[in-house]
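S.K.:
Residue numbers (our numbering): 9 to 123.
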């Protein structure tokens with residue numbers, strides 16, 4: 009028997025097995041990546057707002073607003089996450105927003121009360 013021929017065959021089989029294992033891990037990685045993307049695609053806007061609010065407000069405060077300042081161009085809208093931990097019996101809340109100041113295009117603060 010030729011030992012070089014057997015050694016070459018065994019090396020080839022080991023290489024094929026390692027290649028198949030690496031290929032399998034690659035397929036699993038791509039599958040997990042695609043399934044995560046489809047899960048994010050199926051989320052509604054409310055679900056996304058809830059997740060963002062949870063990320064920004066992880067403290068034990070009773071009321072938490074994740075972002076205290078945001079630039080919103082005129083005619084457009086944006087989302088502020090507000091987290092309320094209810095410790096009283098009332099289940100209904102009203103959020104009242106009173107603008108205290110505005111900032112013009114030059115960055116100068118304009119008092120909303122004096123306008």
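Glycine included, each C-beta is placed from N, C-alpha and C at the ideal position.
Name the residue from 96, 108, 59 and 31 whose alpha carbon lies nearest to the alpha carbon of residue 90.
M.R.: Here residue 90 refers to the residue found at position 82 when the chain shown is read from its first residue. The shortest Cα separation from residue 90 among 96, 108, 59 and 31 belongs to 59.
S.K.: Could you give the residue range of the beta strand (DSSP E) that holds residue 92?
M.R.: Counted from its first residue, the chain shown places residue 92 at position 84. Where residue 92 is concerned, the enclosing beta strand (DSSP E) stretches over 90-92.
S.K.: List the endpoints of the continuous beta strand (DSSP E) containing residue 71.
M.R.: To locate residue 71, count along the chain shown from 1; it is residue 63. Here the beta strand (DSSP E) through residue 71 covers 71-73.
S.K.: I need the DSSP call for residue 105, collapsed to helix, strand or coil.
M.R.: On the chain shown, residue 105 is found 97 positions in, with the first residue counted as 1. The answer is coil: DSSP assigns residue 105 none of H, G, I, E or B.
S.K.: Tell me residue 30's beta-bridge partners as DSSP assigns them.
M.R.: Residue 30 sits at position 22 when you count from the first residue of the chain shown. In the DSSP output, where bridge partners are listed per residue, residue 30 has none listed.
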